Structure formats: C-alpha cells, structure tokens
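J.:
Residue numbers (full-length UniProt numbering): 1 to 675.
1) Between the segment 605 to 614 and the segment 657 to 673, do at least 3 Cβ pairs fall closer than 8 Å?
2) Looking at the unbroken beta strand (DSSP E) that takes in residue 390, where does it start and where does it end?
3) Confirm the yes/no value for this check: CB of residue 61, any heavy atom of the ligand COA, distance under 7 Å.
4) By the 10 Å Cβ neighbour count, where 16 or more other Cβ atoms means buried, how is residue 320 classified, buried or exposed?
5) For a test of the three-state rule: what should DSSP assign to residue 661, helix, strand or coil?
6) From 112, 132 and 107, pick the residue whose C-alpha is nearest to that of residue 120; which is it?
7) Residue 601 bridges to which residues according to DSSP?
8) Do you know whose CA, among 460, 512 and 475, lies nearest residue 487's CA?
9) If you draw a straight line from the alpha carbon of residue 437 to that of residue 545, how long is it in whole angstroms?
10) Taking DSSP as the reference, what is the three-state secondary structure of residue 527?
11) In the DSSP output, which residue or residues are listed as bridge partners for residue 653?
12) Please report the Cβ distance between residue 205 and residue 256, rounded to the nearest whole angstrom; I am assuming they are in contact, meaning their Cβ atoms lie under 8 Å.
13) Which stretch, first to last residue, makes up the alpha helix (DSSP H) that contains residue 211?
14) Could you pull the start and end residues of the beta strand (DSSP E) that residue 283 belongs to?
15) Just to confirm, is the Cβ distance from residue 251 to residue 280 under 8 Å?
16) Does DSSP classify residue 78 as helix, strand or coil?
17) Apart from the five residues just before and just after residue 532, which ones in its own chain have a Cβ nearer than 8 Å to its Cβ?
18) Compare the beta carbon distance of residue 301 and residue 275 with 8 Å and say whether it is the shorter of the two.
19) Excluding sequence positions up to five away, which residues of its chain have a Cβ less than 6 Å from the Cβ of residue 479?
20) Could you tell me the alpha carbon to alpha carbon distance between residue 245 and residue 210, rounded to whole angstroms?
21) Which of the three DSSP states is assigned to residue 317 in this structure?
22) For residue 217, does the three-state DSSP call read helix, strand or coil?
23) Could you check whether the segment 610 to 626 touches the segment 656 to 663, counting it as contact only if at least three pairs of C-beta atoms, one from each stretch, sit closer than 8 Å?
24) What residue does the beta strand (DSSP E) around residue 266 start on, and which one ends it?
25) Applying the criterion that 16 or more other CB atoms from any shown protein chain within 10 Å of the CB defines a buried residue, is residue 337 buried or exposed?
26) Counting along the chain, where does the beta strand (DSSP E) carrying residue 542 start and finish?
27) Starting from the C-beta of residue 388, find all residues in its chain whose C-beta is less than 8 Å away, skip the five residues before and the five after it, and write them out in chain order.
28) From the DSSP output, read off the bridge partner residues of residue 298.
29) State the CB to CB distance for the pair residue 212 and residue 227, rounded to an integer number of angstroms; the pair is presumed to be in contact (CB under 8 Å).
30) Return no unless some Cβ of chain C is closer than 8 Å to the Cβ of residue 332.
31) Residue 426 lies in the beta strand (DSSP E); which residues open and close that run?
32) So what's residue 363 in DSSP terms, helix, strand or just coil?
33) Check each candidate in 82, 26, 34 and 67 and name the one with the smallest Cα separation from residue 16.
34) Can you give me the Cβ contacts of residue 681 inside the same chain, cut-off strictly under 6 Å, excluding the 5 residues immediately before and after it?
35) Would you call residue 481 buried or exposed, if buried means 16 or more other Cβ atoms sit within 10 Å of its Cβ?
36) Closest by CA to residue 53, which one among 626, 64, 26 and 290?
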C-alpha cells in the first residue's frame, strides 16, 4: 500500500489495491475514491494484490483463485465485496465456527457507495494486512531471531521514556507456528483476531477505531460500520456512564504514549452489562514509535461472580473462625497447627508465628499431662472420627476449663484434608456447677439437721412436757426451756449459713484491733480475758469478719474454761470431746465462771485466734469445721462451720493447731495486711 501524503494512514511499502469490477462506471468511481491514497491495479493476476475490491457480479469468476491463494497465502489477504443490491445476499460467507475453510470475504459494501465508509473499510483491512506481514517478517528474520519470543524481540526495540524516567516497552502481537516449526501468519492471524471468544480491535494512536472483531461487535449488537472511524471511547460499549468513557479516553492516551493499560471495567452489551478484563496494548514500529493500539477484552463476569461468592464464603468462614467466644484452630491431618483465631491466641502468652507448624499437642494451650490425650484425639479425628473432649487449658494467668471438639474436614472423595479444633471456655459454668453442688450439699445438710438435730430437742421438749402434765411437777419446765434455747441457737446458725452462703459483699480496709475489741464486747464472756497484739488493717468484709470473730470468741469462752470442773465435764462441743460421762453435765457450765484467756495476734500474712483451754485433739481438728459436727447435746455444731465458710469466702486459708498453752489455735492466712 503506497501512501499519498496522508498522515495517520497505516503503511506498508509497495502495497497495492487490485480492483476487480464488472461495470466501468463503478470502477471509475472506486478509482476516484481510492487513487489519491493507494496504488491501484486494474485487473491483473490474483496473486499480486494486497487487497481485492470485487464486484459481486464477478465474484464467482475469481472465487477459485481466491480460495487457492487463501489456502497458501503467506499473510492475511482481505477481500471487499461490492454488492449491487443490498436486499440480495449474493455471497454466502462460511461461519468460522462451523467450517475449516478460510473466510473469503472480509467486508461487504452495498451500493450506492458511501465514500467515507469505503475508505474506512479499505484502510482497516490494510492495517490488518500490514500487521500480519510485520509478524511474518519478524518470525523469518533469522534463525536466532526466530527463536526469540515476542517479548524478547520487543525488548530489542527502542523504548519510550516518559517524563518520570519510567521505561515501558510495547509488545508484538503473537504469531503461531505449525508442526514443522515454520512461521504461519496467514489464516492464524485472522483466527487470532476474529475467530476468538475475546474482544479484539485495532485503533489509530489517536483512538480512531480501525477494526473490531465479530465477538466484540456481537456483544453489543453492532455492525462494523457503526464503529469503524469513530473514537474508541464513543462506541456503544462504553455507554454505561460518562465516567467510563472519560476513563477509556485516558487509557487510550496512556497507551498511545507506550504504556500497556489493563483494568477491569463493566461494559455495555445488547441486553445487559458484563465485567470485562480490559487492556490496550501499544504496537511499535522498528523505530520505536507507536503505530497501532490493540484493545482486547475478556468477559470475566462468571469469574467475578465466583470471586464474589468466594469472598462471601471467606467472610462467613472468618466470621465463624473469629468467634470471640470460641477458641478455634485449623490443623493438618497430621496435627500440625496451620492457623489459630484471635480468641485462642489471646488465651496464651505466645505469638502465632512461633507456634504455626508445631504439633497441636505441643502448643502452649495444653498442660504436660494432657498432651498424650490430645495426640490421641487428633489421630482419631484424622481417621474420620468426630472427637469431643473436656480438659483444662493453660492460660496466661491461670488454667481454665474448656469443652471442645476436633472434627475432620473431608473432600469429595471422603478423604480427610484438614482438622478443625474448637473449644469453649466453660470455667464459669463449671464454677456454677460446683457452686450448685455445694448448695445441694448444704441443702442436704440442712435437711439432715432439720430432721435430726432439731428433732432431738423437740423430742426432749415433748418428753418433759408429758412428764410435767403427768406429775404436776414444775421442775421439768426448766429442761423445756433449755431445749427451746438450743433450737433457737440452731435456727440462728442455720439462718446465718443460708443467708450468707460463701459470698462476701464488699472488701475494704478494716482496722483489725478495733473490730476485735468491738466483737469481744458483743459476746457474753463472763470472767474470760481478751489479749490482743494486732495493729494495722486487713482487707475484709467487716460484717462477715465480725461473725467470724464472734463465733470464735463464743466457742472459746463456752468450751475453753481452764477450771477443774470444766476439764472434768469435757464439754468442748466444737473441740470434739467424746467422753460419755460428761453428757449429764453439759449445759451446766456458766459463762460467768469461765476463766479462759483468748489471744488475737498477727501472722506474716494473716492473724490467729487462740485460747488456753482444753484444746482440740489432733485427730479431731479436720472435722470441727463440718456442718453439725458436735458431740455435745447442747451444741449446734455450726459455729466453726460458719467460721470456715467466711474464711473461704474471703479466699483465706484456715487451720486448727495447738496454742502455746495447749489450747486451741485458729490460724488465718492468705489475708491482705496493710500497715
């Protein structure tokens, strides 16, 4: 094709247009429309021309020669058919999807002729012809060059340098080779351009559309004449929005500067829009100038929908995996830790990177004595079993109890491909269960007391009343009063345990010496003596602390007398005396006759309360804190149980030992002491 001084036309030296027209008048008109731009040949052999403009009346005459040339042509050789009557389809064009025969006619132009339309069709087809020949020349330059890829060949071309010193190299259109290794750029170039599921086009560097393939045209329901010669961004594909057209125009300008442009856009089709993987590739000549732009598009709507579905599934998985109330880990079938959620990581003093890749049973969540079990659970899950467990975990501050599962995840063939370990912290639930168990035990003890301990004084009361009624003697009423007093004390102690339980209301700094003195004044101590050697404050619930001290003082005064009569009676109910001879005298002790001395002193982390009474035998000391434990008929058996309950509610430890004088000594440790 020889140019006649028209800038912007695609050029290939010595290219010609051969006219094969039946009517001289039309041939004269076509000559007038094309001769100012191209070298024309009237008639001549079919094998010599780069493009044929053929009259429909003479097409059958030249069809065998065109078909023969097509079968052996070295490059893309286009044919334009001039059709006299647009209502008559004079030539059937083979459908590339149904026939292996190359398409003989590349464009049909109806008469009367539209000059601009004819020029656009000739120009766009010659551009494609030129590109095909360029590829063929690149592929046959030499053995060494023939072994280079298009990218390698492009790298040898002068690169365009932008103002920011960024170098960008345009890339050739690809070529194919047949089984012999010879370059083939004829039908296959056409197949690359037009017989493809991708959208492909050719643009001038200024964005003018030279050609669009059938796939792109069919997508938007367009005819070539609707788009050829128009600015690319004004075509119907970009009608979705003004911003899309503006962006496309900027993309063309970037590509014209030598940049390969690629992005995802939403393109307008005949019925709906589609998501397109869109690019514009610059094509340079040997001097490095951009001479063509190749826009390409691949519909990825279904791919994007799958990606969106995958993201939704991922978000759902993350929502489940990152449950703030569940510890979750992802494992390989062999037990190797792959991932753990934030809840699980917050429970231990370690970072994820340090434990990923470790066997699950060796991770910091598990105490040493649990690891063999965890390994067994993991092996069972890897074999396809759904494993439930309940175990303690090692936390940053303390252990905590979890209930969990290790479940297998299988593929379509039921092969275990991963394991999911999940666990819930049930420490509070277990504590509630233990509290409920303690409450139930307490209720059982209360029921026992009501059925046994209260029934005894009631029976005593009923017996003495019957005797008084039978004899008329008023003396038995004294015993009735004693039985009533004992029941009253039992009821008071039961209410104390039932109302207070094992909880404290408020912890404050309490002046221990002051509280000890106040409590001594509220207890009927008779001639007993208090000796204190404490100062400073302890952290306690003052009301509960008073109950604790009052019970200890009452117990010491009532059962800790050092008088001979007191020792003979052995009525230390809470001290565990078992002398049966003392039963007749229990209850006869008068507080006013007690000469016991009670001492309150400091410990390193607490305090003690001691007396100089009879003391508690070593084998009885653990039992004195049991509810209702007493060997004395007038004792309730709850005084020291209340003491132990209050100490436990504060988190203190209490133990019974012997005082320096041989009496009882109660030591309370784990107490917060302040000066």
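Glycine residues also receive a C-beta, built at the ideal position from the N, C-alpha and C atoms. Please read all numbers here as calculations on a predicted model, not as lab measurements.
T.: For this structure:
1) yes
2) 387 to 394
3) Ligands in the displayed structure: none, and consequently the ligand COA is not present.
4) exposed
5) coil
6) 107
7) 608
8) 460
9) 25 Å
10) coil
11) 669
12) 4 Å
13) Segment 209 to 212 is the beta strand (DSSP E) holding residue 211; no alpha helix (DSSP H) there.
14) 273 to 284
15) yes
16) coil
17) 513, 516, 517, 599, 600 and 601
18) yes
19) 464
20) 18 Å
21) helix
22) helix
23) yes
24) 261 to 268
25) buried
26) Per DSSP, residue 542 belongs to no beta strand (DSSP E); it is in the alpha helix (DSSP H), 542 to 559.
27) 403, 404 and 405
28) 277
29) 5 Å
30) The structure shown contains no chain C, having only a single protein chain.
31) Premise fails: residue 426 is in no beta strand (DSSP E) and is neither H nor E.
32) coil
33) 34
34) Outside the modelled stretch of the chain, which goes from 1 to 675, sits residue 681, for which no answer is possible.
35) exposed
36) 26
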